[in-house]
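Structure, as structure tokens:
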Amino acid sequence: MDHAAVIEIVDRDGHCRDIHKVRAWPLRIGRSPDCDLVLSDPHLAGVHALVHWDRGEPATEPATERGDAALDARAAPAAGGPVLELLPSHNGAWLDGARLVAGSRAAWPSSALLQIGTTRLRLRTSLDPLPAEKPMSRADEPVKRDARPSWALPALLAVWALMLWVTNWATNDGSATWVDIVSALLAPVGIALIWSALWALVTQVFRHWFAFGAHLWRVLVAVVAMQALEVALPVLAYMFNLPRLLALETLVMSVGAALLLWWHATVVWPRASRGLAVGIGAMCVVGLVLTVGRRTEQQYWLGPNYMATLPPPALRIATPKPVDDFIGGMEALEAPLLKQAQKRNDQAGGSGDNDE
Amino acid sequence: MSRKLLTPGRAAAGAVLLLLAALGLPVAAQSPPAPTAPIASPVAPASAASQAQPAAPVSASARRLYDRSRAQLLQIRTLYNGSQASVGSGFVVSAEGHVITNYHVVSQHALEPERYRLQYQTPEGDGGDIQLLDFDARRDLALLRVVAKAGDAKTDPKGVVARMTATPLAFRKGSQPLAKGERIYSMGNPHDVAFAVVEGTYNGLVERSFDPLIYYSGSINPGMSGGPVLDEDGEIVGINVSTMIFAQQMSFLVPAEHAAALLARSRDAAPVKGAAWPKLREQLMAYQDELSKNFLAQPWRTLTHPRYRFPIPQEQYMRCWGSGTSADAQGLQMQRTQCRMEHALFINESLQTGYLGVTEEVYDGSKLGALRFANIYSASFRNERLGAPDRDRTAPYCKEDFVQQKDGPPLRAVACLRAYRKLDGLFDLTVLVTNVDAPTEGALGRFEARGVSFANATRLTRHYLQGFAWTTPR
Chain A
1 MDHAAVIEIV DRDGHCRDIH KVRAWPLRIG RSPDCDLVLS DPHLAGVHAL
51 VHWDRGEPAT EPATERGDAA LDARAAPAAG GPVLELLPSH NGAWLDGARL
101 VAGSRAAWPS SALLQIGTTR LRLRTSLDPL PAEKPMSRAD EPVKRDARPS
151 WALPALLAVW ALMLWVTNWA TNDGSATWVD IVSALLAPVG IALIWSALWA
201 LVTQVFRHWF AFGAHLWRVL VAVVAMQALE VALPVLAYMF NLPRLLALET
251 LVMSVGAALL LWWHATVVWP RASRGLAVGI GAMCVVGLVL TVGRRTEQQY
301 WLGPNYMATL PPPALRIATP KPVDDFIGGM EALEAPLLKQ AQKRNDQAGG
351 SGDNDE
Chain B
357 MSRKLLTPGR AAAGAVLLLL AALGLPVAAQ SPPAPTAPIA SPVAPASAAS
407 QAQPAAPVSA SARRLYDRSR AQLLQIRTLY NGSQASVGSG FVVSAEGHVI
457 TNYHVVSQHA LEPERYRLQY QTPEGDGGDI QLLDFDARRD LALLRVVAKA
507 GDAKTDPKGV VARMTATPLA FRKGSQPLAK GERIYSMGNP HDVAFAVVEG
557 TYNGLVERSF DPLIYYSGSI NPGMSGGPVL DEDGEIVGIN VSTMIFAQQM
607 SFLVPAEHAA ALLARSRDAA PVKGAAWPKL REQLMAYQDE LSKNFLAQPW
657 RTLTHPRYRF PIPQEQYMRC WGSGTSADAQ GLQMQRTQCR MEHALFINES
707 LQTGYLGVTE EVYDGSKLGA LRFANIYSAS FRNERLGAPD RDRTAPYCKE
757 DFVQQKDGPP LRAVACLRAY RKLDGLFDLT VLVTNVDAPT EGALGRFEAR
807 GVSFANATRL TRHYLQGFAW TTPR
């Protein structure tokens with residue numbers, strides 16, 4: 001036993017799946033239980049290969065199929081090191097993608113990945129410099145199970161359900177049946193659950209963690225916040241007569257949706273949160289630009305033509321103006337309208353009968 | 357073939373159909389606005405009555421009149437790339453070859469002369485070029501003149517123009533008004549099939565209109581637009597212009613005096629050069645001024661409501677229709693009064709203008725409570741359509757605020773304007789008004805003016821807003 005070494009069995013992602021300590025040189029690799037490293041790979045011979053520790057004696061001529069220079073160089077290690085010798089087999093092996101036929105010998109540096117049968121092996125010896133210990137990223141720390149109290153999720157769900165119920169109650173005139181009311185309540189909740197489950201599945205794939213609760217929490221926070229804003233904005237606009245506040249609605253909706261997406265995505269790919277922020281932010285900006293681009297002929301780039309929400313009169317704080325002031329304010333519309341009229345538009349219009 | 361049923365599916369009951377025959381042009385595009393549902397009911401009983409009446413046989417007069425005037429009858433064809441884009445009718449009114457037809461028959465040529473050419477065709481099948489001298493968009497009339505000179509061997513070798521202009525049709529004098537029930541005879545070429553003479557009855561003028569047309573009981577059809585309507589003496593009493601769809605034998609004629617005035621005014625005018633938008637604009641400007649002045653001079657009527665006084669227009673040239681939810685309806689109760697001028701000015705296939713309308717909706721949400729009422733009423737206020745930008749008009753630009761008069765309730769007012777792209781300085785105005793002082797009562801008003809100047813739009817808005825008041829002064 002000259003040097004400590006391990007053989008790592010590597011999966012397709014390049015991650016180490018299993019590790020085998022080399023206890024004595026030469027090491028026999030194969031399917032047979034007599035081998036030192038037993039691999040249950042049907043594409044291997046009973047004893048498929050030997051790994052020697054070469055002390056720097058002149059090596060025998062390698063018998064590679066192509067005989068390329070790289071393998072020649074490896075076949076005669078100057079300072080010694082591990083050497084792979086293939087025993088008789090059908091399938092031979094590949095060293096870093098280069099074919100080795102049965103019976104050939106080749107040096108096996110630790111940088112090279114050996115494939116025998118369908119199994120991939122990597123050799124690591126005490127001669128190889130050991131990379132420094134990497135600092136851990138936050139994402140790799142154990143998930144905090146107690147990030148929020150256990151009642152928070154059900155409570156938020158209850159708040160949302162209540163909001164849905166109130167909205168639904170306020171928009172129907174009493175003619176809706178209980179079936180309508182229940183389905184109007186369950187449909188959004190169902191969609192939120194399915195959405196969270198899909199995100200959890202994606203998380204499962206990438207992080208082996210079915211993060212349903214984490215995703216549901218994110219959906220609920222976003223939806224409740226947006227719904228609250230959707231109610232609050234028009235009411236505020238009405239109270240203080242600030243109709244342009246409604247332009248925020250479109251903005252809040254698209255930015256809110258982008259933020260929610262980003263928040264979900266950081267659960268799945270925690271290491272890439274900055275890249276995700278840039279990507280989703282760019283998508284959001286493109287979406288907004290398209291929205292605005294479609295509305296260049298409108299009076300406002302964002303928001304409705306006029307404020308239509310009329311909350312109960314007790315909420316009104318703004319004082320009404322005299323009619324003359326209002327008429328005076330209309331004058332400001334003339335110039336932009338005349339300017340707009342100069343522009344060409346090939347949209348076919350109605351007879352004038354239909355657009356009322 | 358430009359065959360077309362007179363009953364297009366899209367048009368609302370009671371809509372008026374202009375009698376221009378054109379392939380591919382949707383018929384409803386030529387029908388001016390009309391209230392959607394309400395007009396159907398009063399029209400319905402009329403159909404039973406007319407079915408009971410057997411069609412009168414064409415009398416000897418019709419034959420005599422047709423024989424006498426056929427030389428002056430013309431089909432007016434608008435050609436696009438050599439094929440007819442639309443056809444109407446016309447008639448010769450002077451020895452110099454002046455021809456009267458409807459503006460809507462020649463509007464394509466008037467607005468796009470480089471794409472559309474005008475030609476006439478006689479009942480015998482002879483034809484030639486004809487040019488536009490002037491038009492009266494308000495009355496839907498146009499004055500044309502045959503290009504070829506009568507007796508000129510070069511331009512009129514077959515003497516077609518000479519025959520046409522030998523005995524031009526004369527206008528009936530205004531001093532001899534027709535009596536209701538008198539027989540009159542409409543001529544024209546329906547659907548490009550053949551020249552037809554249709555016998556019908558003069559029924560006086562259409563009531564409650566700003567520019568009254570003659571109400572004629574006779575079946576006139578698309579393609580007859582611009583054709584003459586003659587009395588027993590062969591004198592012109594009117595010009596075919598439109599018909600009521602989903603109605604029987606309800607047709608409308610432009611009174612002949614307007615055509616006589618147009619001829620007198622522009623007998624020696626030079627042919628219109630280039631697109632006629634500036635001329636059209638000038639006429640519409642004058643018309644909207646007259647209409648707005650007249651409307652602003654009228655006091656509002658009052659709609660009975662315990663709390664508010666709503667502005668409802670006089671029914672001098674508007675018709676009002678009422679509707680609402682049934683008395684035992686659950687939830688929100690609504691009553692609507694919709695007033696509108698039923699006559700609109702034709703500009704082109706996609707644009708009609710020059711009318712006013714007022715809609716008042718009263719909502720009672722006492723069965724709902726304040727919160728629910730606020731929500732549902734808001735949806736109703738949001739639901740008002742203002743129109744999207746198109747070829748003819750811009751998107752709506754709105755001014756909104758809370759307004760209150762000294763003796764009136766606080767209101768939320770939204771005034772929206774759309775500018776006309778090719779008729780510089782004309783606008784469509786929509787004013788939305790709602791009360792903002794009652795938790796479960798809604799009063800939603802909508803005032804509409806099509807094709808008015810900016811100054812008139814502001815005047816009309818002021819007039820409308822001033823019409824809102826408390827029923828009992830507080």
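Here the protein sequences line up with chains A and B, keeping their order. So for the first sequence, our numbering puts the first residue at 1; every next one is plus one. So for the second sequence, our numbering puts the first residue at 357; every next one is plus one. Cβ atoms here follow ideal geometry from the backbone N, Cα and C, with glycine treated the same way.
Proximal residues of chain B, C-beta to C-beta of residue i below 7 angstroms
i, result
"residue 327 (chain A)", "814, 817 and 818"
"residue 243 (chain A)", "756"
"residue 346 (chain A)", "747"
"residue 309 (chain A)", "734"
"residue 141 (chain A)", "Those within 7 angstroms of residue 141 (chain A) in chain B number zero; the least Cβ separation is about 47 angstroms."
Residues that residue i contacts on chain A, provided the C-beta gap is smaller than 8 angstroms
i, result
"residue 822 (chain B)", "323"
"residue 761 (chain B)", "322 and 323"
"residue 772 (chain B)", "305 and 306"
Where residue i meets chain A, residues with beta-carbon distance less than 7 angstroms
i, result
"residue 793 (chain B)", "313"
"residue 298 (chain B)", "Nothing about residue 298 (chain B) can be reported from this structure: the residues present for chain B run from 357 to 830 only."
"residue 769 (chain B)", "326"
Local conformation of residue i per DSSP, three classes
i, result
"residue 18 (chain A)", "strand"
"residue 790 (chain B)", "strand"
"residue 606 (chain B)", "coil"
"residue 673 (chain B)", "coil"
"residue 634 (chain B)", "helix"
"residue 279 (chain A)", "helix"
"residue 61 (chain A)", "Because the pLDDT at residue 61 (chain A) is just 48, under 50, the model does not fix this residue reliably, and the point stays unresolved."
"residue 543 (chain B)", "strand"
"residue 432 (chain B)", "strand"
"residue 761 (chain B)", "coil"
"residue 661 (chain B)", "coil"
"residue 455 (chain B)", "strand"
"residue 732 (chain B)", "helix"
"residue 814 (chain B)", "helix"
"residue 327 (chain A)", "helix"
"residue 491 (chain B)", "strand"
Cα-Cα separation, residue i to residue j
i, j, result
"residue 47 (chain A)", "residue 203 (chain A)", "41 angstroms"
"residue 134 (chain A)", "residue 37 (chain A)", "30 angstroms"
"residue 84 (chain A)", "residue 205 (chain A)", "37 angstroms"
"residue 580 (chain B)", "residue 535 (chain B)", "24 angstroms"
"residue 102 (chain A)", "residue 44 (chain A)", "11 angstroms"
"residue 345 (chain A)", "residue 745 (chain B)", "8 angstroms"
"residue 477 (chain B)", "residue 502 (chain B)", "11 angstroms"
"residue 129 (chain A)", "residue 52 (chain A)", "20 angstroms"
"residue 801 (chain B)", "residue 789 (chain B)", "5 angstroms"
"residue 633 (chain B)", "residue 778 (chain B)", "7 angstroms"
"residue 667 (chain B)", "residue 568 (chain B)", "25 angstroms"
"residue 582 (chain B)", "residue 625 (chain B)", "20 angstroms"
"residue 639 (chain B)", "residue 807 (chain B)", "11 angstroms"
Reference residue i, options the options, closest by Cα
i, options, result
"residue 299 (chain A)", "A:115, A:260, A:271 and A:341", "A:341"
"residue 55 (chain A)", "A:269, A:25 and A:102", "A:25"
"residue 420 (chain B)", "B:541, B:519 and B:775", "B:541"
"residue 551 (chain B)", "B:702, B:809 and B:430", "B:430"
"residue 157 (chain A)", "A:14, A:267, A:222 and A:127", "A:222"
"residue 660 (chain B)", "B:443, B:471, B:828 and B:474", "B:828"
"residue 691 (chain B)", "B:706, B:718 and B:707", "B:718"
"residue 186 (chain A)", "A:13, A:175, A:176 and A:164", "A:164"
Listed by chain order, chain B residues near residue i by CB distance under 8 angstroms
i, result
"residue 366 (chain A)", "Nothing about residue 366 (chain A) can be reported from this structure: the residues present for chain A run from 1 to 356 only."
Contacts that residue i makes with chain A (C-beta to C-beta distance below 9 angstroms)
i, result
"residue 687 (chain B)", "172, 173, 174 and 175"
Three or more C-beta pairs under 8 angstroms: does that hold for the segment 308-328 of chain A against the segment 757-768 of chain B?
yes
- Indicate whether the contact test is met: 3 or more Cβ pairs, each with one atom in the segment 275-287 of chain A and one in the segment 732-748 of chain B, closer than 8 angstroms. no
Open item on the list: For the segment 647-654 of chain B against the segment 526-540 of chain B, do three or more pairs of beta-carbon atoms, one drawn from each stretch, fall closer than 8 angstroms, so that the two count as touching?
Closed with: no
Review point. Are the segment 210-219 of chain A and the segment 193-202 of chain A in contact at 8 angstroms, needing three or more beta carbon pairs?
Key: yes
Given 8 angstroms, three or more beta-carbon pairs between the segment 457-475 of chain B and the segment 699-708 of chain B
yes
Q: Count the C-beta pairs between the segment 704-721 of chain B and the segment 657-677 of chain B that are closer than 8 angstroms, then say yes if the count reaches three, no if not.
A: yes
At least 3 beta-carbon pairs within less than 8 angstroms: the segment 177-189 of chain A vs the segment 231-238 of chain A: no
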